[in-house]
Amino acid sequence: MPAIEVERLRKTFKVPVHRESLKGALLDLFRRRYKEIVAVRDISFRIPQGEICGYIGENGAGKSTTIKMLAGILVPTSGRVEVAGFVPWRDRETFVRRIGVVFGQRSQLWWDIGVIESFRLLRKVYRVGEADFRRRLDELTETLQLADLLNRPVRKLSLGQRMRCELAAALLHNPSILFLDEPTIGLDIVVKTQIREFLKKLNRENGTTILLTTHDLQDIEALCSRVIMLDDGRIIYDGSLEELKERWSKGREIRFRFAAPVAPSELATLTEGLPVRWTAADEESARLWVPRDIHVSDVLSRLVGSLPILDMSFQETGTDEIVRAIYQSGSASVPAAAEAGEAQAPAAPADGGEASRAADGGGEASREEPVEAHVRG
Amino acid sequence: MASAYLDFIRIRFLTMLAYRVNYYSGIVVYALNIGVYYFLWKAIYGDASSLAGFSAAQITTYVAVSWMARSFYFNNLDREIANEIRDGSVAIQMVRPYSYLLVKLMQGFGEGLFRLLMFMLPGLVVVMLLFPLSLPGEPWRWLVFFLMIGFSFLINSQLNLLTGLCAFFLENNEGVMRFKRVLVDLLSGVVLPISFFPGWARTALEWLPFQAIAYLPGSVFTGALNGPEVGYAIGVQAAWSVALILPILLMWRAARRRMFVQGG
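Protein sequences appear in the order of chains G and B. Just so we're aligned: 76 in this note's numbering is position 68 of the first sequence, and the numbers increase by one with no gaps anywhere. Just so we're aligned: 60 in this note's numbering is position 53 of the second sequence, and the numbers increase by one with no gaps anywhere.
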C-alpha cells in the first residue's frame, strides 16, 4: 500500500466577483456573481512508504491546496485521495493521528503558554502514553537541541527556535507521514541545514514518509529522491531531480583562460563542424557552450594541442536556473528546439550513453507518467 | 482524550488570569452595571410594591443575579471562530484529532468559569455591601440555579457557534455577530425581564431560545417561578440545548465542504 495515493484530484473554489461602480455594488447586494477558480486540476500520483518527495511550483500553483487536501483540512471537489489507508477528510479525527503537519507560516503551538505545556497538551490530544511521550520528547530534545527552549513561552522564541519546536510538536505522536509546507521559509542557513539533517535522519531511521513544499531548491537537492512540479494546478513533472536536470540542462559551459591573446576567429576555426558556440569575454578568456549530446572529449581534443590554455572550468546549469526556466515556460517538457536538435543526430555514437540511461532509468513509478506536456493559452 | 478537553478549560482559565488589568477593570464594570440597574429599577418602581410579578426587592436581586449568570454564560466564541477563519489558523485546528466545536465550547467554559469566580463573586460581594439584596434561603434554589446557568452557557455558546460558523459562508460576518449580540442582550431578559414585555411579545419570546439564557434562571432564583414551573423552565432549557445541536452539525458539515484557508 502506498503511503499516499491521489487520483484525478480536483479542488475548485467559488469566489464572488465584485462589479464595478456604485450600480455594480448595489447589484452585488442582491445577486452576487461567483467565479470558479480551479486550484488543483485532476492530478494523480502515488508516493510509496518511506519516500521523501518534494512538491514544488510557483506561488499559487496549487501546492498548499494539495497538501491541505492530503492532510484532511480541505474536502476535494472531486477525485480520490487515500493517505495511510484513510480518506483524509472523511475520517479526519482518526486519520490525523497518523500524520504530522508543519506549516512554515503558521504556528501550531499555543502562543501564551510554555513550549513544554504545549507539548503536554498535544500528548493528551494525541493520546500518547506517558512513557512513550517521555522517550520521544527526550529524543527530539536531543536531536533538535530544544533543552533551553522548553520552558519559554512560544511568543518569546526566535523563528528558528520556534520552527524546531514546531517540528518536535508535529512528531510527538510518531506519525508515519509528515507534511511540511515551506518548513524552511525565513530561516538562516544554519537552522536550514540543521532541519534538513534532522529530516534525513528521521526518514532513514523511522522510515517516515515526507512530503514537503518549498521554494528553496536546496531543500530539494538535500532531501528529495523525487520531485513533483506543479503549475497552474497541473503536474508538469514527476520524477527524480537528476532526471529533471538532465532533461533540461541543454549542455554545459566550459570557461577558458588563455596564456596569450587568442583571436575569436581562430577559436571558431578550431571547432568547425561541431554544434558548439563561442562567447569571447576578452582576448585572454572565452566561454564555450557545449550541447549535452556532444562529448566534451571530442571538443577538447581539438583545442588542447592548439591553444595555450592556462585554466579551464566547467559550469553545469544550476537547479535554480532550470526551475526558473520551467516556471517561465509553464511546461517541463523539453523545449522544441533541443528536441529537434536531438532528433537530427540520434545515431551519433556520442549519444549512446545518454540514450541508454534514459532507457534503463525506468522501474520507478514516476517513469510511467513522466511529463504531462502542457501549453498555456 | 477527555482529559485533553479538560486541559483546554484549564489553559483558557490560566490565560485569562495572565491579563491582570482586564481582571481588575472587569470587577469594576460588573459592579457598576449592577449599581446602575439597581437605581434605574428603583426609579421605575417608585412607590409601587409589585410590577409584572416582581416585587421591588425581587427585581434588584433579579438584576444582580442575571448579571452574575451573564458573567458565566457570556463568551466571544463567535468572534474567535470568525477570526480563526479569517486568518487561516483554522487549518491548524483541522489537523488535530479533536472536535473543533467541542474544543471551542471548552475554551468558552474556561472563560466563563474564570469570569464567574474572579469577576462576579468579588463583584457580588461589593454589591451586597452597597445595596440590599434578598438571596433565597432554600439551598435547592441555589442548586437549581447553578444547573440552569449551565444550560444558559450551553444555549448561548451554541448560538455563538452558529454565528461564528457563518464566517464560512459570508465574506464578513461582523454584522451577523452584532445582530446576535443585541438580540441576546435584549431578548434574554438581562436588561428587562420577559414578564415586562407586552403580551404578544411575551408569546413570541416564549418560542425563542433567548429567554432560556437569562430570564428563566433569574426567575427561579428570585422566586418568581415556583413548584412545577421550575421543572418546566429546566425542561425548556434542556429542549433548546438539544434542539440547537442539529443546526450546528448541519452547518458544520456544510462548512467543512466550503472551507477555504486564507493566506496560503
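Yeah, the Cβ is synthetic: ideal placement off N, Cα and C, and Gly gets one too.
Please compile the residues from chain G whose C-beta is within a distance smaller than 8 angstroms of the C-beta of residue i.
i	result
residue 102/B	79, 80, 81, 104, 107, 109 and 116
residue 22/B	120 and 121
residue 18/B	118, 121, 125 and 129
residue 240/B	Going along chain G, no residue has its Cβ under 8 angstroms from residue 240/B, so there is no contact; the nearest lies around 36 angstroms.
What residue range is occupied by the uninterrupted alpha helix (DSSP H) comprising residue i?
i	result
residue 274/G	272–278
residue 246/B	235–250
residue 149/B	146–172
residue 101/B	97–101
residue 61/G	Unbroken run through residue 61/G is the beta strand (DSSP E), 60–65; no alpha helix (DSSP H).
residue 129/B	128–137
residue 209/G	197–214
residue 8/G	It is not possible to answer for residue 8/G, since the shown part of chain G is limited to 9 through 385.
residue 207/B	206–213
residue 2/G	Residue 2/G cannot be examined here, being either before or after the span of chain G that is shown, 9 to 385.
residue 305/G	304–311
residue 228/B	222–229
List the residues of chain G that residue i touches, going by C-beta distances under 9 angstroms, in chain order.
i	result
residue 192/B	Ordered by position in chain G, no residue passes the 9 angstroms Cβ test against residue 192/B, which lies about 28 angstroms from the chain.
In whole angstroms, what separates the C-alpha of residue i from that of residue j?
i	j	result
residue 363/G	residue 301/G	Low confidence applies here, because residue 363/G scores a pLDDT of 36, under 50, leaving its location unreliable; read the following figure in that light. If I take the Cα positions, the gap works out to 10 angstroms.
residue 104/G	residue 104/B	6 angstroms
residue 56/B	residue 215/B	30 angstroms
residue 177/G	residue 31/B	35 angstroms
residue 106/G	residue 114/B	26 angstroms
residue 291/G	residue 270/G	6 angstroms
residue 136/B	residue 197/B	22 angstroms
residue 299/G	residue 238/G	27 angstroms
residue 222/B	residue 17/G	52 angstroms
residue 65/G	residue 223/G	8 angstroms
residue 11/G	residue 260/G	38 angstroms
residue 141/B	residue 37/B	19 angstroms
residue 272/G	residue 324/G	23 angstroms
residue 350/G	residue 304/G	Per-residue confidence for residue 350/G stands at a pLDDT of 37, beneath the threshold of 50, marking its modelled position as unreliable; the derived number appears in the next sentence. Cα-Cα distance, rounded: 16 angstroms.
residue 359/G	residue 181/G	With a pLDDT of only 36 at residue 359/G, under the threshold of 50, the placement of this residue in the model should not be trusted, and no figure is reported.
residue 309/G	residue 278/G	10 angstroms
residue 37/G	residue 29/G	13 angstroms
residue 20/B	residue 61/G	42 angstroms
residue 202/B	residue 98/B	45 angstroms
residue 44/B	residue 23/G	47 angstroms
Give a yes or no on whether 8 angstroms exceeds the smallest Cβ distance from residue i to chain G.
i	result
residue 25/B	yes
residue 182/B	no
residue 88/B	no
residue 96/B	yes
residue 99/B	yes
residue 121/B	no
residue 253/B	no
State the start and end residues of the unbroken beta strand (DSSP E) segment that holds residue i.
i	result
residue 297/G	293–299
residue 119/B	Run containing residue 119/B: none in the beta strand (DSSP E); it sits in the alpha helix (DSSP H), 107–121.
residue 186/G	185–189
residue 116/G	Neither: residue 116/G is in no beta strand (DSSP E) and is coded neither H nor E.
residue 87/G	86–91
residue 320/G	317–324
residue 21/G	12–25
residue 95/G	From DSSP, residue 95/G is part of no beta strand (DSSP E); its letter is neither H nor E.
residue 245/G	242–247
residue 239/G	234–239
residue 134/G	It is not in any beta strand (DSSP E) - residue 134/G carries neither H nor E in the DSSP assignment.
Does any CB atom of chain B fall closer than 8 angstroms to the CB of residue i?
i	result
residue 186/G	no
residue 389/G	Here chain G comprises residues numbered 9 to 385, so residue 389/G is not present and cannot be evaluated.
residue 220/G	no
residue 399/G	Since the first residue shown for chain G is 9 and the last is 385, residue 399/G is missing from the structure and cannot be characterised.
What in chain B is Cβ-close to residue i, meaning under 8 angstroms?
i	result
residue 316/G	Those do not exist, as residue 316/G stays about 56 angstroms from chain B at its closest Cβ, beyond 8 angstroms.
Cβ closer than 9 angstroms: which chain B residues qualify as neighbours of residue i?
i	result
residue 24/G	178
Can you determine whether any heavy atom of the ligand MN sits closer than 7 angstroms to the C-beta of residue i, and answer yes or no?
i	result
residue 239/G	In terms of ligand content, the structure shown is empty, and the ligand MN therefore cannot be addressed.
Mind pulling the chain G residues with CB within less than 7 angstroms of residue i?
i	result
residue 14/B	129 and 132
residue 63/B	Going along chain G, no residue has its Cβ under 7 angstroms from residue 63/B, so there is no contact; the nearest lies around 45 angstroms.
residue 10/B	132
For the region 255–266 of chain B, list every residue whose C-beta sits within 9 angstroms of some C-beta in chain G, in sequence order.
Result list: 263, 264, 265 and 266.
With 7 angstroms as the limit, tell me which residues of the region 133–167 of chain G have their beta carbon closer than that to any beta carbon of chain B; keep them in chain order.
133, 134 and 135
Could you run through the region 87–103 of chain G and flag, in chain order, every residue whose CB is less than 9 angstroms away from some CB of chain B?
97, 100, 101, 102 and 103
Please identify, using Cβ separations under 8 angstroms, the residues of the region 102–116 of chain B that lie next to chain G, in order along the chain.
Cβ contacts with chain G come from 102, 103, 104, 105 and 106.
For the region 149–180 of chain B, which residues have a beta carbon sitting closer than 8 angstroms to at least one beta carbon of chain G?
Cβ contacts with chain G come from 178.
If the cut-off is 8 angstroms on Cβ atoms, which residues from the region 42–57 of chain B count as contacting chain G, listed in chain order?
none
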